[in-house]
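Peer 1: In this note's numbering, the protein residues as written are 16 to 246.
For every residue, glycine included, the Cβ atom is placed at its ideal position computed from N, Cα and C.
Just so we're clear, the structure is a prediction, and the values are computed from it rather than from any experiment.
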Amino acid sequence: MEFQLENPLLADSTTAPSHPLFLIEPDHMPSEKYTENLRFGDFDFAVRRDIISSISQLCSGLDRLVLYLSVNYLDRFLSSQELPQTRPWALWLIAMSCVSLAAKMQGFNVSLSDLQGNGGLIFDSETVRRMEVVILGALKWRMRSITPFSFVPAFISIFQLKDPPETQALKARATEIIFRAQTDISLLGFKPSVIAASSLLCASNELFPLQFSCFRDAILECSYVHKVRAR
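#1: Who are the near neighbours of W286 in its chain, counting only those whose CB is closer than 6 Å to its CB and skipping five residues on each side?
#2: Measuring only the C-alpha atoms, how far is P224 from F138?
#3: Please report how far the alpha carbon of D232 lies from the alpha carbon of S128, in whole angstroms.
#4: Using only CA atoms, which one of L89, A118, A61, S214 lies nearest to G152?
#5: Can you name, in chain order, every residue of its own chain whose Cβ lies under 7 Å from the Cβ of I66, other than the five neighbours on each side?
#6: In three-state terms, what does DSSP make of R145?
#7: Whose C-alpha, out of R79, P103, F37, is nearest the C-alpha of V62?
#8: Roughly how many whole angstroms lie between the Cα atoms of E51 and G204?
#9: Once DSSP output is grouped into helix, strand and coil, what is the label at M120?
#10: Excluding the five sequence neighbours on either side, which residues of its own chain have a C-beta within less than 8 Å of the C-beta of R79, listed in chain order?
#11: Please name the residue, chosen from T162, A211, Q197, L176, that lies closest to C229 on a Cα-to-Cα basis.
#12: F170 and A212 - do their beta-carbons sit closer together than 8 Å?
#13: Identify, in the order they occur along the chain, each residue of the same chain with its Cβ nearer than 8 Å to the Cβ of S115, setting aside the five sequence neighbours on each side.
#14: For the alpha helix (DSSP H) that contains C217, what are its first and last residues?
#15: Report, in whole angstroms, the separation of the C-beta atoms of I192 and S214, which I expect to be a contact under 8 Å.
#16: Q121: buried (16+ other C-beta within 10 angstroms of its C-beta) or exposed?
#17: Excluding the five sequence neighbours on either side, which residues of its own chain have a C-beta within less than 7 Å of the C-beta of A118, listed in chain order?
#18: DSSP three-state label for V59, please.
#19: State the DSSP-derived secondary structure class of T182, mapped to helix, strand or coil.
#20: Give the secondary structure of A26 by DSSP, where H, G and I count as helix, E and B as strand, and everything else as coil.
Right, dumping it as structure tokens:
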């Protein structure tokens with residue numbers, strides 16, 4: 016069955032946010048040490064930037080959700096692994112393997128030759144498969160990632176919007192904010208639910224400023240939302 020970022024547990028994602036996603040979301044985040052190292056320079060920021068650039072190149076023509084999921088895998092992988100060398104071929108292999116895994120999870124039938132047709136270094140299928148296994152092990156096979164998209168439908172439901180076009184506009188704008196926020200290292204330490212809530216509040220302030228205070232109060236009344244950093 017195709018994995019959906021909005022519904023990672025295959026439960027009803029349109030109900031109020033009291034489901035177990037809030038309890039398990041920390042298991043799908045990079046480690047605190049990783050985010051701190053990125054912010055303070057102990058981990059080479061350029062390494063992450065270069066791999067994300069490669070992922071973007073490899074995802075050319077694919078759904079944006081594949082790109083998002085690939086970067087999610089990358090951050091979780093880098094936070095649990097020591098890179099022996101920042102060799103270009105190794106970084107490209109990591110990027111290709113993350114994209115390959117994300118495409119499979121999203122139900123896209125993308126061959127290795129299709130990915131390598133987007134440019135970059137060429138690897139045989141066995142080399143990519145071995146790296147995929149390494150990544151799977153590092154992520155403890157938790158490939159149905161809990162992301163901000165997982166919380167958007169539930170949060171929108173508590174706004175009780177009556178007009179479907181307004182609901183769709185709010186969701187679309189919040190989705191765009193989430194996409195743009197992923198590469199910002201200052202946000203890596205926040206839980207996905209907090210990023211989802213913040214994105215929806217930003218979107219509602221832009222689109223429906225007169226209703227913003229009501230939306231904010233609805234979010235803050237949710238017992239799982241905290242106005243603090245993830246850890």
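Peer 2: Answer, in terms of the structure:
#1: Only positions 16 to 246 of the chain appear in the structure, and residue 286 is not among them; the question remains open.
#2: 51 Å
#3: 50 Å
#4: L89
#5: L89, L106, I109, A110
#6: helix
#7: P103
#8: 8 Å
#9: helix
#10: F194
#11: L176
#12: yes
#13: V125, L127, L130, V143, E147
#14: 207 to 222
#15: 4 Å
#16: buried
#17: L77, V81, V125
#18: Note on residue identity: the sequence assigns Asp, not Val, to residue 59. Reduced to three states, the DSSP call for D59 is coil.
#19: helix
#20: Interpretation of A26 is limited by its pLDDT of 49, a score under 50 that renders its predicted location unreliable; the figure taken from the coordinates is listed afterwards. Looking at A26 - three-state DSSP - the assignment turns out to be coil, as it is neither helix nor strand.
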